[in-house]
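In the working numbering, the protein residues as written are 447 to 551.
Next up, the structure:
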């Protein structure tokens, strides 16, 4: 069975984040690009973005596989991504941003 691990630094970030209004959600995203009106192209990497989500909202959760991951003994956070990503075991860390590190099978 796949497993997801949060490192102590990622747990600390989650416990001290004051922005969550709904349910805390770490959503995995893949590299993407956006173009500003002035033509400037911005590249975004892949990894996890901390946001909030309403797990009962079908529009927000479509095409996302969501799993609850314990944050210490305090609460669970929802972690989500595409089916292929979420079928794997991986570690989520923190180093200026949430990091994604696949675990060896």
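For each residue, glycine too, the CB sits at the ideal point set by N, CA and C.
Collapsed DSSP secondary structure at residue i in the structure displayed
i	result
residue 513	strand
residue 548	strand
residue 497	strand
residue 469	strand
Where residue i falls, given that 16 or more other Cβ within 10 Å makes a residue buried
i	result
residue 474	buried
residue 550	exposed
residue 452	buried
residue 520	exposed
First through last residue of the beta strand (DSSP E) which encompasses residue i
i	result
residue 458	Looking at the DSSP string, residue 458 is not in any beta strand (DSSP E); the run it does join, the alpha helix (DSSP H), is 454 to 462.
DSSP bridge partner residues for residue i (one or two, in chain order)
i	result
residue 528	Looking at the DSSP assignment, residue 528 forms no beta bridge with any residue, so it has no partner.
residue 478	490
residue 522	516
residue 539	545
Near the ligand SAM: residue i beta-carbon under 7 Å from a heavy atom
i	result
residue 545	Within the structure as shown, the ligand SAM is missing, as the structure has no ligands at all.
Next item on the list: Decide yes or no for the touch test of the stretch 510 to 521 against the stretch 475 to 488: beta carbon pairs closer than 8 Å, at least 3 of them.
Entry: no
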